[in-house]
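Residue numbers are given in this note's numbering: position 80 of the sequence shown equals residue 80, and the series is strictly consecutive.
See below for the structure under consideration.
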Amino acid sequence: MLTAHKSAVEATQIHDHYLKGTIHCGQCGSRLIVSNAKNRHGNVYCYFVCSGRHSQRTTCDRSAILIADIEKLIEDYYQRIQITPAQHEGLAGMLHHEFDQLMSAEVEELAQLTANRDRLQHEQERLLQAHYADAIPLALLKREQDRILGELDQVNRRIDAHHGEYADARAHLDDALNLLANCADIYSRCDDANRRLCNQAFFTKVYIDEDDELRVENNRPFEMLLDPEINANALTWAENEDKARTTANDSVGKGSSLVRGVDLRREFENPSSALVTVASRRSRSVYKADRRPLEPTVVDSRGRMVRAVGMTQTFLIPAQVDELVARYQAGATLVELGERFSVHRRTVAAHLVRRSVPIRGRGLDESHLAKAVELYADGLTLMEVGSRFGVSQQTVRRALAAEGVVIRPGGRRARVSA
Ligand SMILES: [Zn+2]
C-alpha cells in the first residue's frame, strides 16, 4: 500500500468525496477526510487521511490510504453481502410468514377494538332515540355525543394503524430485500451521488482498520437481514416450505425462534430516507444503465474536478501504453497493471479498448486454482483470495465450488454489531 509522506506533500486541500462521512479511522474512530497530495514530480494523488491525525486532535498515527483502495474495499463489501435468489426467497418467505403470525396474534386485540366501536355506535343510537322520546335534554345529548365521537375516533385510528403499519412495513421489507439482492450490481453501476445514498442506506459507520479490513456498522434493517443466524434460518425455512407446518415450527414475532429478539415492525416501519430513495429509484430502473465515469473523480469545495488517482491516462506516454498492452497480452490482470502503472483499472481497460485489445473475462486463471483452494482452506475469505489474484469474490466462489470446495457460510468476519 502507498503511503503519503509528509515531505512529499506540497499542498493539501479538503475535498469532497462520496465516501466522506461514511468512512472512519479504524484506529481512533475519527472521520476520514480527503487529502490531495502532489509529489515532487507534480503528480496529484488523492488519499483519505484520518481527520484526528490531520488536525492533531488525537495521537492517531494512521497512515494515508489511496482513495481508489478504499473505493475498492467498499465495492468488494457489496459483492460480499449481495444475497442470492435462494436467500432472497428464503428471507422473504420467512419474514412475511412472521408478519402473518404477528397479525394473527393481534387479531384478538383487533376484535376487541371492533367490538368497542360497535358498542359506541350502538350507544350513539340509543342516545338519539332517548332524545327523540324527550327523555334527555339537548345539552346532555350534545355532551354525550361529543364524548362518543371522540372515543370512536380513537378506536378507528387504532384499527387503521393495525392495518396500515403492517402494509407499510411489509412493503419496506420487500424494498430492502430487493435492494440487498441487487446491491453489488447497483453500486458498481451508479454514479457518486447514488453511491453516497447506498452507503447511507446500508451503513451507520464504516471503519477502515490498519490492515485495510472493513468493520461495518449496518443500518436498520440490514443489520438484521445480514445476520448469519437469520439467514441460516431462512434457508432452512425455505427448504421446509412445502412440508406440512406444525405449530412447533411456527412462531410469533418478537422472541420467535426464527427471528430471535427482533421487533419486525420496528425494523421496517420507518426506513431511512436514503433507503426509500434508493429503493424507489431501483424500482424505476434508474440503475439499469452504467453511470460510472471512466475515471473516478473528486470535486473540491469550489466544484473543480481533480483526478482521484495519481497519474491519469494523460501521464502515460505512448511507450508506456505499448508496455501496458504487451503485459496485458502476456497475461497480466487489469488490477496488476493498474498497480504497476499507478492508474485505475478502468483506465487500464480504457487504454486497451483504445488499442482495440479485447478485454478478457475476469475468471480465475487455471494456474492459480490450486493455490486459491489452499488459501481458502487456510482460512482466508473469498474476498481475500480474490484480491490475491485480481478477481472478484464471486469469481473465486464459482471457481472453488466447481472444484468441489465447500463454501463456508457468511465469511463476514469483519462485521461488528452496532
Ligand atoms: Zn485516526
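Think of the CB as a built atom: it goes at the ideal place given N, C-alpha and C, for glycine as much as any other residue.
For the beta strand (DSSP E) containing residue i, name the first residue and the last one.
i, result
"residue 328", "From DSSP, residue 328 is part of no beta strand (DSSP E) but of the alpha helix (DSSP H) over 318-329."
"residue 24", "23-25"
"residue 217", "214-218"
Please classify residue i as buried or exposed, where buried requires at least 16 other C-beta atoms within 10 Å of its C-beta.
i, result
"residue 406", "exposed"
"residue 408", "exposed"
"residue 107", "exposed"
"residue 27", "buried"
"residue 219", "buried"
"residue 247", "Note on residue 247: pLDDT 41, under 50, position unreliable in the model; the coordinate value appears next. The residue is exposed, with fewer than 16 neighbouring Cβ atoms inside 10 Å."
"residue 359", "exposed"
"residue 374", "exposed"
"residue 273", "exposed"
"residue 76", "buried"
"residue 3", "Any reading at residue 3 is ruled out, since the residue's pLDDT is 45, under 50, leaving its predicted position unreliable."
"residue 22", "buried"
"residue 404", "exposed"
"residue 381", "buried"
"residue 30", "buried"
"residue 249", "Only weak support is given to the placement of residue 249: the predicted model assigns it a pLDDT of 46, under 50, and the question is left unresolved by the model."
"residue 210", "exposed"
"residue 56", "exposed"
"residue 338", "buried"
"residue 13", "Low confidence applies to residue 13: its pLDDT is 41, below 50, so where it sits in the model is not reliable enough to give any reading."
"residue 37", "buried"
"residue 164", "exposed"
"residue 157", "exposed"
"residue 181", "buried"
"residue 65", "buried"
Along the alpha helix (DSSP H) that carries residue i, what are the first and last residues, could you check?
i, result
"residue 206", "From DSSP, residue 206 is part of no alpha helix (DSSP H) but of the beta strand (DSSP E) over 203-208."
"residue 223", "222-225"
"residue 235", "228-239"
"residue 391", "Counting along the chain, residue 391 falls outside any alpha helix (DSSP H), and DSSP gives it neither H nor E."
"residue 419", "Residue 419 is absent from the structure shown; the chain starts at 1 and stops at 418."
Please determine, among the options, the residue with the shortest C-alpha to C-alpha distance to residue i.
i, options, result
"residue 387", "334, 351 and 206", "334"
"residue 109", "336, 159 and 340", "159"
"residue 17", "62, 60 and 68", "68"
"residue 178", "140, 111, 206 and 82", "82"
"residue 259", "224, 288, 32 and 239", "224"
"residue 269", "285, 36, 221 and 279", "221"
"residue 363", "332, 355, 340 and 380", "332"
"residue 271", "96, 74 and 172", "172"
"residue 152", "132, 115, 46 and 185", "115"
"residue 399", "25, 66, 369 and 321", "369"
"residue 207", "377, 383, 372 and 50", "50"
"residue 166", "186, 267, 336 and 76", "267"
"residue 394", "205, 185 and 377", "185"
"residue 176", "154, 283, 129 and 101", "283"
"residue 213", "194, 384 and 366", "384"
"residue 229", "100, 325 and 94", "94"
"residue 367", "56, 379, 389 and 350", "389"
"residue 355", "30, 326, 378 and 401", "326"
"residue 113", "321, 48, 329 and 154", "154"
"residue 227", "45, 91, 372 and 36", "91"
"residue 131", "121, 119 and 144", "144"
"residue 63", "84, 345, 329 and 24", "24"
"residue 183", "353, 401 and 281", "281"
"residue 430", "72, 80 and 102", "Outside the displayed span of the chain (1 to 418) sits residue 430, for which this structure offers no information."
"residue 122", "58, 149 and 54", "149"
"residue 346", "46, 34, 72 and 65", "72"
"residue 100", "265, 128, 203 and 202", "265"
"residue 234", "87, 45 and 65", "87"
"residue 336", "391, 96, 291 and 200", "391"
"residue 174", "275, 146, 190 and 52", "275"
Would you say residue i reaches chain B, if we count a Cβ-Cβ gap shorter than 7 Å as a contact?
i, result
"residue 62", "No chain B is present in this structure, which holds just one protein chain."
Please give me, in chain order, every unbroken run of the alpha helix (DSSP H) with length at least 4 that falls completely inside the stretch 172-198.
183-189
List, from N- to C-terminal side, the alpha helix (DSSP H) runs of 4 residues or more that fit wholly inside the stretch 68-112.
85-105
In chain order, which alpha helix (DSSP H) runs of at least 4 residues are fully inside the stretch 332-382?
334-341, 345-354 and 366-377
Shell residues, 6 Å Cβ cut-off relative to heavy atoms of ligand 1:
25, 27, 28, 30, 50, 52, 53, 58, 60 and 62
Scan the stretch 259-292 and note each continuous alpha helix (DSSP H) run of 4 residues or more that stays entirely inside, going in chain order.
264-269 and 273-283
Kindly provide the ranges of any beta strand (DSSP E) runs that are 3 or more residues long and lie completely inside the stretch 132-156, ordered along the chain.
none
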